[in-house]
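Input: a single structure, listed below in structure tokens.
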Amino acid sequence: QDLLFEVENLKVHFATDDGLVRAVDGVTFGIPRAKTVCIVGESGSGKSITGRSLMNLLPHTARIVDGHVLYHPEPGRTIDIGKLDPRGKPIRALRGKDVSFISQEPMAALSPVHTIGQQMVPVISRHLKLGRREATERAAAMLARVGIPKPAERLGSYPFEFSGGMRQRVCIALALSCRPKLVIADEPTTALDVTTQANIIDLLVELQEESGLSILFITHDLGVVAEVASDVVVMYLGKVVERGSVEEIFHDPRHPYTRALLRSVPRLGAGRDTRLAAIRGMVPSPFDRPKGCDFHPRCDFAIAGTCDVTAPPDVALGGSRSVRCVLPEAIRPPVQRAETPPS
Ligand code: SF4
Ligand code: MG
């Protein structure tokens, strides 16, 4: 498979006053060229940190302690991201150019005291080596492409002059303006109303089809996953518990956590505003991990004397499929999906 990124056994630790947190604990997955990989998990699963690790954009208290992030700008060429100084020139040249980010809160990605043009034009000019006029034209063309009316005029507007949905469109324009190979979208629609969410998702899918870009989509929303993903990575407490194609994950889920997530979602394609319903129990504190399998206190299939003692291995099931459970083959009763609630 033609992979743009390979993440292998990635471990990221956080230093806190209460001790070390293993925020990302041996994560492995690949991002194929021109495809969308979704990382799905509840908050605290390490999905955002995993995304930020791809460009080593971590908070100063966090560090990649093991594993590899390999970037293949073209087939046959490899850049080992972990070997680059996180503040050095080579990685800064990749950020925004080869890989860009879209976050949940567009206000955080934009400077409030500069116009959209003041933020887009220098970036385009630097990365694409264009003169001011050409860069300005490209900025306006990108705003037009994401559906901002009167784009040339709006380059003179400040972020607060846009609605939330329009602001997220501006961020998408900014993120795509230098023709990146990968966009990392971290819960990009969570703060938006349902209709705007749907429009933004459609826009990202269209832009991907036009430009052949890869997307790493980080979300807790399985409705979004069903809509955009080609491959799915399910995370729990810093570990990948299941990995597979979107069809495998939705039609033949093997991990009890994946099954529990799916049980709470109306049928595939039934709606975009479906959220993960609560799974019994709580996500354990990273300071107080359960012994054995991280999921055993909440697992309907847990085997006493096994799951509460020994951490399960990551079992490869062929292709890019894997399941971290002692029973990947045994647990296969049909998923009981909740009926779509009457609206
Ligand atoms: Fe459940 Fe045991 Fe599998 Fe963990 S290893 S998910 S507790 S069955
Ligand atoms: Mg997050």
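The opening position of the sequence shown corresponds to residue 1168 in this note's numbering, with each subsequent residue numbered one higher. Quick reminder that beta carbons are idealized off the backbone N, C-alpha and C, glycines included.
Check	Outcome
Member of GLN1286, ASN1176, LEU1237 and SER1381 whose CA lies at the smallest distance from the CA of SER1324	GLN1286
Terminal residues of the alpha helix (DSSP H) in which ARG1465 lies	No alpha helix (DSSP H) contains ARG1465, which DSSP labels as neither H nor E.
Span separating the alpha-carbon of VAL1313 from that of VAL1391	19 Å
C-alpha distance - SER1409 paired with LYS1250, whole-angstrom precision	The question names Ser, but residue 1409 in the sequence shown is Glu. Cα to Cα, the separation comes out at about 28 Å.
Integer-rounded CB distance, given that ALA1396 should sit under 8 Å from CYS1205	4 Å
Three CB pairs or more closer than 8 Å across the segment 1266-1285 and the segment 1339-1354	yes
Cβ shell of LYS1214 (< 7 Å), same chain only, five flanking positions each side left out	ILE1206, GLY1208, ILE1385 and MET1402
Member of GLU1173, VAL1450 and ARG1334 whose CA lies at the smallest distance from the CA of ALA1275	ARG1334
Enclosing alpha helix (DSSP H) for GLY1293 [first to last residue]	Rather than Gly, the amino acid found at residue 1293 in this sequence is Arg. Residues 1283-1295.
Near the ligand SF4: PRO1420 beta-carbon under 8 Å from a heavy atom	no
Coarse secondary structure for PRO1242, derived from DSSP in three states	coil
Residue interval of the alpha helix (DSSP H) (run including MET1402)	Premise fails: MET1402 lies in the beta strand (DSSP E), 1398-1403, not in any alpha helix (DSSP H).
For VAL1407, the nearest candidate out of ALA1190, ASP1455, PRO1326 and ALA1182 (CA to CA)	ALA1190
Rounded separation between ARG1254 and CYS1474 - CA only	42 Å
Identity of the residue in PRO1273, HIS1239 and THR1282 nearest LEU1261 by Cα	HIS1239
Between the CA atoms of PRO1273 and PHE1181 - distance to the nearest angstrom	26 Å
Delimiting residues of the beta strand (DSSP E) encompassing CYS1338	Here CYS1338 belongs to no beta strand (DSSP E); instead the alpha helix (DSSP H) covers 1331-1343.
First through last residue of the beta strand (DSSP E) which encompasses VAL1450	From DSSP, VAL1450 is part of no beta strand (DSSP E); its letter is neither H nor E.
Alpha carbon of ILE1231 to alpha carbon of ARG1430, nearest angstrom	34 Å
Beta-carbon gap between ILE1416 and GLU1394 smaller than 9 Å	no
Cutoff 6 Å; reference HIS1294; Cβ partners in own chain excluding five residues on either side	LYS1264 and CYS1345
Beta-carbon proximity of PHE1196 to VAL1179, cut-off 9 Å	no
Proximity to THR1425 [Cα-Cα], best of ASP1388, GLY1472 and GLY1298	ASP1388
Identified DSSP bridge partners for SER1431	Answer by DSSP bridge pairing: none, since SER1431 is not bridged.
6 Å CB neighbourhood of ARG1219 in its chain, flanking five on each side removed	LEU1225
Where SER1487 falls, given that 16 or more other Cβ within 10 Å makes a residue buried	buried
Rounded C-alpha distance that separates GLY1211 from ASP1455	13 Å
Residue(s) in a DSSP beta bridge with VAL1422	First, the amino acid is wrong: residue 1422 is His here, not Val. Per DSSP, none; premise fails for HIS1422.
Same chain, Cβ closer than 6 Å to GLY1379, neighbours up to 5 away in sequence not counted	ALA1201
Local conformation of PRO1199 per DSSP, three classes	strand
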